[in-house]
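**Q** Protein chains in written order, with the numbering used here: chain A, 1 to 725; chain B, 1 to 152.
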Amino acid sequence: MSVGKNEPRRDGPAKLTGRALYLDDVNIPGCWHGVTVRSTVPHGKIKSISYDPSFPWDECVIVTAKDIPGKNLVALIEADQPLLADGIVRHREEAIVLIAHADRATAYEAAKRVKIEYEPLPPVFDMEKADKVFKSFLIQRGDLDAGFADADIVVEGEYRTPSQEQAYIENNAIAAYEEDGVLIVTGSLQCPYYVLKAMKQIFNRDESRIRIIQTVTGGGFGGKEEYPSMLAGHAALLALKAGRPVKIVYDRHEDMAATTKRHPEIVRHRTGLTKDGRLLAQDIEVIMDGGAYATLSAVVLSRGTLHAAGVYECPNVRVRSKVVMTHTPPNGAFRGFGAPQTLFAVELHWERIADALHIDSLTLRRKNIFKLGSTTATGQHLLESVGAQECLEKTVKSSQYVSKRKEYDRWNKNPKNPTWKGIGLSVCHHGAGFTGSGEVYLASRAGIALTSKGELVVLAASTEIGQGTNTMFAQVAADALGAPASWFTVETPDTHKVPDSGPTVASRTCMVVGGLVSRATKELKRAFEAEYGRVPKTPADLKKAAFVLCKGAPARRFEVQYEKPPEVTWDDATYRGDAYGVYSYAAIAVDLEIDRLTYEVRVNKVTTAQDIGKAINPLLAEGQIIGGSTQGLGWALLEEPIFKDGVMINSTFTNYVIPTSLDTPPFEVILVEKPYSRGPFGAKGVGELPMDIPGPAVAAAVKHATGRLIPTLPHTPERIAKAQP
Amino acid sequence: MIKLTVNGKKKSFKGAPFTRLIDALREDFALTGTKEGCGEGECGACTVLLDGKPVNSCLIPVIQADGHRLETVESMGTPEKLSKLQSGFLACGGAQCGICTPGMLMTAHAHLKGGGKRDDKSVRTALAGNLCRCTGYQDIVKSVIKAAKGAK
Numbered sequence: 001m002s003v004g005k006n007e008p009r010r011d012g013p014a015k016l017t018g019r020a021l022y023l024d025d026v027n028i029p030g031c032w033h034g035v036t037v038r039s040t041v042p043h044g045k046i047k048s049i050s051y052d053p054s055f056p057w058d059e060c061v062i063v064t065a066k067d068i069p070g071k072n073l074v075a076l077i078e079a080d081q082p083l084l085a086d087g088i089v090r091h092r093e094e095a096i097v098l099i100a101h102a103d104r105a106t107a108y109e110a111a112k113r114v115k116i117e118y119e120p121l122p123p124v125f126d127m128e129k130a131d132k133v134f135k136s137f138l139i140q141r142g143d144l145d146a147g148f149a150d151a152d153i154v155v156e157g158e159y160r161t162p163s164q165e166q167a168y169i170e171n172n173a174i175a176a177y178e179e180d181g182v183l184i185v186t187g188s189l190q191c192p193y194y195v196l197k198a199m200k201q202i203f204n205r206d207e208s209r210i211r212i213i214q215t216v217t218g219g220g221f222g223g224k225e226e227y228p229s230m231l232a233g234h235a236a237l238l239a240l241k242a243g244r245p246v247k248i249v250y251d252r253h254e255d256m257a258a259t260t261k262r263h264p265e266i267v268r269h270r271t272g273l274t275k276d277g278r279l280l281a282q283d284i285e286v287i288m289d290g291g292a293y294a295t296l297s298a299v300v301l302s303r304g305t306l307h308a309a310g311v312y313e314c315p316n317v318r319v320r321s322k323v324v325m326t327h328t329p330p331n332g333a334f335r336g337f338g339a340p341q342t343l344f345a346v347e348l349h350w351e352r353i354a355d356a357l358h359i360d361s362l363t364l365r366r367k368n369i370f371k372l373g374s375t376t377a378t379g380q381h382l383l384e385s386v387g388a389q390e391c392l393e394k395t396v397k398s399s400q401y402v403s404k405r406k407e408y409d410r411w412n413k414n415p416k417n418p419t420w421k422g423i424g425l426s427v428c429h430h431g432a433g434f435t436g437s438g439e440v441y442l443a444s445r446a447g448i449a450l451t452s453k454g455e456l457v458v459l460a461a462s463t464e465i466g467q468g469t470n471t472m473f474a475q476v477a478a479d480a481l482g483a484p485a486s487w488f489t490v491e492t493p494d495t496h497k498v499p500d501s502g503p504t505v506a507s508r509t510c511m512v513v514g515g516l517v518s519r520a521t522k523e524l525k526r527a528f529e530a531e532y533g534r535v536p537k538t539p540a541d542l543k544k545a546a547f548v549l550c551k552g553a554p555a556r557r558f559e560v561q562y563e564k565p566p567e568v569t570w571d572d573a574t575y576r577g578d579a580y581g582v583y584s585y586a587a588i589a590v591d592l593e594i595d596r597l598t599y600e601v602r603v604n605k606v607t608t609a610q611d612i613g614k615a616i617n618p619l620l621a622e623g624q625i626i627g628g629s630t631q632g633l634g635w636a637l638l639e640e641p642i643f644k645d646g647v648m649i650n651s652t653f654t655n656y657v658i659p660t661s662l663d664t665p666p667f668e669v670i671l672v673e674k675p676y677s678r679g680p681f682g683a684k685g686v687g688e689l690p691m692d693i694p695g696p697a698v699a700a701a702v703k704h705a706t707g708r709l710i711p712t713l714p715h716t717p718e719r720i721a722k723a724q725p
Numbered sequence: 001m002i003k004l005t006v007n008g009k010k011k012s013f014k015g016a017p018f019t020r021l022i023d024a025l026r027e028d029f030a031l032t033g034t035k036e037g038c039g040e041g042e043c044g045a046c047t048v049l050l051d052g053k054p055v056n057s058c059l060i061p062v063i064q065a066d067g068h069r070l071e072t073v074e075s076m077g078t079p080e081k082l083s084k085l086q087s088g089f090l091a092c093g094g095a096q097c098g099i100c101t102p103g104m105l106m107t108a109h110a111h112l113k114g115g116g117k118r119d120d121k122s123v124r125t126a127l128a129g130n131l132c133r134c135t136g137y138q139d140i141v142k143s144v145i146k147a148a149k150g151a152k
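1) Quick one: residues in its chain with C-beta nearer than 6 Å to the C-beta of D52 of chain A, no 5 flanking neighbours on either side, listed in chain order?
2) As a quick exercise: from A:A236, A:L189 and A:G223, pick the residue whose alpha carbon is nearest that of V216 of chain A.
3) Within the continuous alpha helix (DSSP H) that includes G103 of chain B, where are the two ends?
4) Would the region 596 to 615 of chain A count as touching the region 671 to 689 of chain A if we require 3 or more Cβ pairs under 8 Å?
5) Near T521 of chain A, which residues of its chain fall below 6 Å by C-beta distance, leaving aside the five closest residues on each side in sequence?
6) Strictly below 7 Å CB to CB, what residues from chain B border K15 of chain A?
7) Is the CB of A167 of chain A under 8 Å away from at least one CB in chain B?
8) With a CB to CB cut of under 8 Å and the five nearest residues on each side skipped, what residues in its chain are close to L688 of chain A?
9) On the three-state DSSP scale, how would you describe I28 of chain A?
10) Is there a C-beta anywhere in chain A that falls below 8 Å from the one on E40 of chain B?
11) Closer than 7 Å by beta-carbon distance: list the chain A residues that pair up with F89 of chain B, in chain order.
12) Please list, in chain order, all residues of the same chain as E673 of chain A whose beta carbon is under 6 Å from its beta carbon, the five residues on each side excluded.
13) Check whether the region 55 to 69 of chain B touches the region 24 to 44 of chain B, taking contact to mean three or more Cβ pairs, one atom from each stretch, closer than 8 Å.
14) Whose C-beta lies closer than 7 Å to the C-beta of G466 of chain A among residues of the same chain, with five residues either side of it excluded?
15) Using a Cβ-Cβ cut-off of less than 9 Å, list which residues of the region 124 to 135 of chain B approach chain A; keep chain order.
16) Start and end of the beta strand (DSSP E) containing V92 of chain A?
17) Does the beta-carbon distance from Y408 of chain A to G422 of chain A come in below 8 Å?
18) Just list the beta strand (DSSP E) runs in the region 508 to 577 of chain A, keeping only unbroken ones of 3 residues or longer that don't cross its boundaries, in chain order.
19) State the beta-bridge partners of E117 of chain A as determined by DSSP.
20) Could you tell me whether the Cβ of T107 of chain B comes closer than 8 Å to any Cβ of chain A?
21) Any chance you could list the beta strand (DSSP E) runs of at least 3 consecutive residues sitting entirely within the region 3 to 43 of chain B, in chain order?
22) With a threshold of 8 Å between beta carbons, is T32 of chain B in contact with chain A?
23) Quick one: what's got a C-beta closer than 7 Å to L90 of chain B's C-beta in the same chain, skipping five residues either side?
24) Could you check what DSSP says for K152 of chain B in three-state terms: helix, strand or coil?
25) Taking the CB atoms as reference points, tell me whether P418 of chain A and D595 of chain A lie closer together than 8 Å.
26) How about Q282 of chain A: is its C-beta nearer than 8 Å to some C-beta of chain B?
27) Distance check for L442 of chain A and D206 of chain A, CA to CA, integer angstroms please.
28) For my contact list, A75 of chain A and L84 of chain A are in at a C-beta cut-off of 8 Å; report their separation, rounded to the angstrom.
29) Can you name, in chain order, every residue of its own chain whose Cβ lies under 6 Å from the Cβ of S399 of chain A, other than the five neighbours on each side?
30) Given that a residue counts as buried once 16 or more other Cβ atoms are within 10 Å of its Cβ, and exposed if not, what is L4 of chain B?
31) With three or more beta-carbon pairs closer than 8 Å as the criterion, would you say the region 319 to 330 of chain A touches the region 96 to 104 of chain A?
32) Could you tell me the alpha carbon to alpha carbon distance between T186 of chain A and R19 of chain A, rounded to whole angstroms?
33) In or out: L21 of chain A buried (at least 16 other Cβ within 10 Å) or exposed?
34) Suppose the cutoff is 6 Å on Cβ atoms and the five residues either side in sequence are ignored; what does the same chain contact list for S12 of chain B look like?
35) Can you pull the chain B residues whose beta carbon is under 9 Å from the beta carbon of Q467 of chain A, in chain order?
36) So, with DSSP's three-state summary, where would you put M325 of chain A?
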């Protein structure tokens with residue numbers, strides 16, 4: 001058996017020796033450098049574009065919207081975002097002109113010699129004053145008025161979360177060139193088939209004449225879900241016009257200022273409870289700032305909305321949500337995808353309720369938390385794999401939450417102590433896979449190829465972006481066949497080689513695509529048994545079997561397509577039913593200390609139990625949990641994009657601070673494995689779950705330490721100092 | 001002409017003396033193992049060793065390395081035969097997306113070779129100039145300590 005073992009990371013040796021080729025490492029002969037001229041106003045009409053006559057423009061290739069052969073569109077959900085601004089700009093840093101030159105420094109110099117004049121139009125930056133709504137949702141369960149009428153107490157609260165920068169260490173980078181009439185786009189990206197879909201419309205070509213190939217990718221986190229489609233279009237326009245390869249590699253400032261971030265959000269809760277703390281009514285309002293174009297905002301909002309009521313059973317619920325347009329660069333996918341924002345609100349709200357009822361938030365959670373058989377706000381009955389309670393109890397026990405609450409209360413009462421200490425809790429669920437009917441719509445495919453030489457190759461468009469996709473796929477395939485993982489390789493995501501497995505997002509790669517790989521491999525197993533009499537036992541045996549199964553062809557492919565589990569029902573119109581096939585669950589305890597003079601926060605320990613169904617590779621799964629939790633701690637304590645006139649002004653690592661090795665605490669990770677019958681070997685999603693709850697646990701710990709409930713992030717020293725106890 | 005030793009081999013550089021060291025390494029010497037993450041000395045992805053000490057190669061003009069000894073990640077093991085430190089990273093989950101890994105390895109290598117302490121706090125302090133967005137550092141720190149103990 002390979003599943004459950006810490007097989008070494010497939011991509012490890014190449015990455016550890018500097019041999020792994022990221023886009024900027026690839027030697028593409030004759031490649032020019034592309035740069036982007038961007039808008040300097042948040043909203044305005046483009047009056048003129050002029051080029052400094054003293055510059056040798058004949059050495060350059062220049063592209064504007066006029067050069068686009070097909071639609072001026074980055075195709076995603078709505079047809080609203082132009083590839084290059086034409087006549088009007090709707091946010092700062094919007095791309096207007098592209099330039100390529102053989103020399104990188106000269107290309108940057110050329111960009112400075114382009115002058116664009118604007119007629120300014122009034123911008124909207126405040127999401128509460130925005131009138132254009134990209135998307136709204138309504139979830140209703142039970143009778144809200146009756147619930148409030150029965151309540152002994154009603155508690156209200158408003159919570160705000162800021163944006164967050166992706167901060168992958170490899171910036172966005174794409175190259176494009178034409179070869180034998182095929183437009184090849186290669187680079188750092190999560191979703192090759194999203195890029196393909198966008199390119200088809202830009203260039204009026206079918207998929208036979210466009211080929212998207214992923215290079216080794218230095219982090220994604222959602223930041224390379226949709227944006228690479230834009231960058232691919234830019235690089236390809238330049239390459240086709242120049243008649244030679246062109247690459248565009250963003251620098252850190254450009255990447256931070258221009259590309260997608262987490263949606264800022266306001267969430268309001270009005271909650272009715274009995275005096276002993278049982279939930280009777282939850283009325284929740286969500287507003288998200290989408291930025292200037294719709295991108296993925298509708299689905300980010302959907303996930304945020306579906307997680308807004310938290311991991312608690314409540315008979316009467318209303319969630320109203322909307323995502324609005326402002327004149328800032330579009331916000332997009334980022335690990336958690338709307339859920340961290342709404343979960344911050346519902347989780348921290350327990351501290352407010354605890355104060356109002358004089359019952360501690362752990363007791364309140366225990367009374368209301370999802371159990372097997374619970375029903376969610378959308379009316380979904382949770383019939384299997386519900387580890388919320390176990391995660392909570394294991395976290396409480398291992399972190400010594402209860403005794404530390406008391407110990408720290410005593411410590412904090414003594415004014416001579418130099419610090420305040422606090423420990424805070426948070427619990428969540430995270431739906432694995434696409435929302436609602438999304439997986440049905442995607443109809444993903446994956447497969448396995450057996451070559452006549454006896455090679456076994458996993459075929460999927462899911463990308464390795466550091467999370468361990470390739471290692472996990474090999475382990476799943478190995479156990480599905482009953483062979484060692486070393487027999488399997490994983491094909492590079494290349495739209496001319498692998499089927500469309502859907503995007504590498506939504507914590508779906510292991511559960512959904514891994515499930516397809518497992519099914520396809522079982523088809524191969526049946527073919528071995530039927531046509532060769534058995535599953536081969538040795539590499540030599542495999543070669544013989546391959547010869548028999550391939551029947552003279554170079555390879556034989558076994559491909560399968562997603563099939564909706566029959567028990568899952570969902571109504572997009574009413575937002576009722578099984579919002580996700582299954583949920584992963586997590587609980588976290590953050591133990592911290594605050595300097596009484598400087599208000600600096602030091603996190604001393606994080607304890608987290610996470611129910612992911614089955615850890616295919618425990619080391620990689622724990623890596624996701626510790627890394628995702630660290631991004632959550634960064635959002636909670638350090639990270640805040642500062643916007644002025646619609647643009648991020650702290651767009652460098654000098655003043656946008658992410659956690660270093662000295663900012664991160666020791667983590668104790670407890671894997672809870674409540675198997676899901678539809679996941680490969682019981683596995684559910686793990687990628688996003690850890691990002692969801694460090695924020696509210698930090699805020700609860702700060703509240704414990706200082707008595708200050710701060711309903712926004714990050715908890716910087718300045719913000720804690722200003723807050724009222 | 002600038003003369004320097006890179007990974008034990010004598011090299012000469014004929015370009016502009018104020019070329020960033022990272023560009024000379026990647027573009028003139030084709031040593032692309034050294035990565036650029038920010039170009040302003042904040043992330044440490046471009047860390048190389050100058051006479052055994054870790055430096056940000058994005059901040060140093062190549063002329064500053066004239067007559068000096070440089071080591072990059074290519075001086076360590078190969079995929080077939082990883083060094084002890086690299087093996088530690090593989091065993092303990094020290095690399096995920098891998099883009100910070102070469103810089104992380106060079107800093108850790110300098111720390112261990114320079115006689116730095118092998119405890120959690122000392123290793124974390126040594127690595128504080130190298131940003132990683134994937135791992136949360138715990139497995140990197142474990143990797144370094146495991147490699148150091150294995151080497152003893």
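Glycine residues also receive a C-beta, built at the ideal position from the N, C-alpha and C atoms.
On a predicted model such as this, the values are computed, not experimentally measured, just so you know.
**A** Taking the structure as given:
1) R113
2) A:L189
3) T101 to K113
4) yes
5) I448, A477, A480 and L481
6) A95, G98 and T101
7) yes
8) The question names Leu, yet the displayed sequence has Glu at residue 688 of chain A. For E688 of chain A, where only same-chain residues beyond five positions count, the Cβ hits under 8 Å are R335, G336, F337, A339, H430, A506, S507 and G628.
9) coil
10) yes
11) L16
12) K614
13) yes
14) G219
15) R124, T125, A126, L127, A128, G129, N130, L131, C132, R133, C134 and T135
16) Reading the sequence as shown, one finds Arg at residue 92 of chain A and not Val. Note, R92 of chain A: premise wrong, no beta strand (DSSP E); not H, not E.
17) yes
18) 555 to 561
19) A:S48
20) no
21) 9 to 13
22) yes
23) L82
24) With a pLDDT of only 47 at K152 of chain B, under 50, the local geometry of the prediction cannot be trusted, and the value read off the model is given with reservation. If DSSP states are grouped into helix, strand and coil, K152 of chain B belongs with coil.
25) yes
26) no
27) 19 Å
28) Incorrect: roughly 14 Å between the Cβ atoms, too far for contact.
29) A589 and T607
30) buried
31) no
32) 18 Å
33) exposed
34) M1 and K3
35) Q96, C97 and C134
36) strand
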